[in-house]
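Heads up: the structure comes next, in structure tokens.
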Amino acid sequence: MKILESLPGVDIARVSCVDSEFRNLASDNHLWKQKCLGEFANSVIEQTEFLFDFVGWKPKFVECWRLNNRNARIRQRVFW
Numbered sequence: 004m005k006i007l008e009s010l011p012g013v014d015i016a017r018v019s020c021v022d023s024e025f026r027n028l029a030s031d032n033h034l035w036k037q038k039c040l041g042e043f044a045n046s047v048i049e050q051t052e053f054l055f056d057f058v059g060w061k062p063k064f065v066e067c068w069r070l071n072n073r074n075a076r077i078r079q080r081v082f083w
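Positions in the sequence shown are counted from 1; adding 3 to them yields my numbering.
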């Protein structure tokens with residue numbers, strides 16, 4: 004689990020495709036909460052959601068990751 008904690012969220016998602024054991028390890032809600040807080044703390048996640056453990060943090064990570072990538076593409080177009 005410590006190795007997964009050190010990976011970026013996108014890589015954890017990739018590792019979860021290896022086999023059922025990795026998929027099980029990568030489905031830990033606390034792990035995805037850490038990734039959301041670490042990678043998207045200044046993003047669209049509402050501050051109140053940080054307090055709750057019953058939030059589905061993996062889907063929340065996917066939502067934030069997609070939004071972040073879309074915003075990055077928009078910023079690139081604006082500046083180029």
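We put the CB at the ideal spot given by N, CA and C, even for glycine. Owing to the predicted nature of the structure, the values given are computational and were not obtained by experimental measurement.
DSSP, read as helix, strand or coil, puts residue 31 in coil. In this structure, residue 35 and residue 60 form a Cβ contact; the two beta carbons are roughly 3 angstroms apart against a cut-off of 8 angstroms.
Taking C-beta atoms under 8 angstroms as the contact rule, residue 64 and residue 39 qualify, at a distance of about 5 angstroms.
Under the three-state reduction of DSSP, residue 44 is assigned to coil, being neither helix nor strand. By the beta-carbon neighbour count (other beta carbons within 10 angstroms, threshold 16), residue 15 is buried. By the neighbour-count criterion, in which 16 or more other beta carbons inside 10 Å mark a residue as buried, residue 75 falls on the exposed side. Under the three-state reduction of DSSP, residue 9 is assigned to helix.
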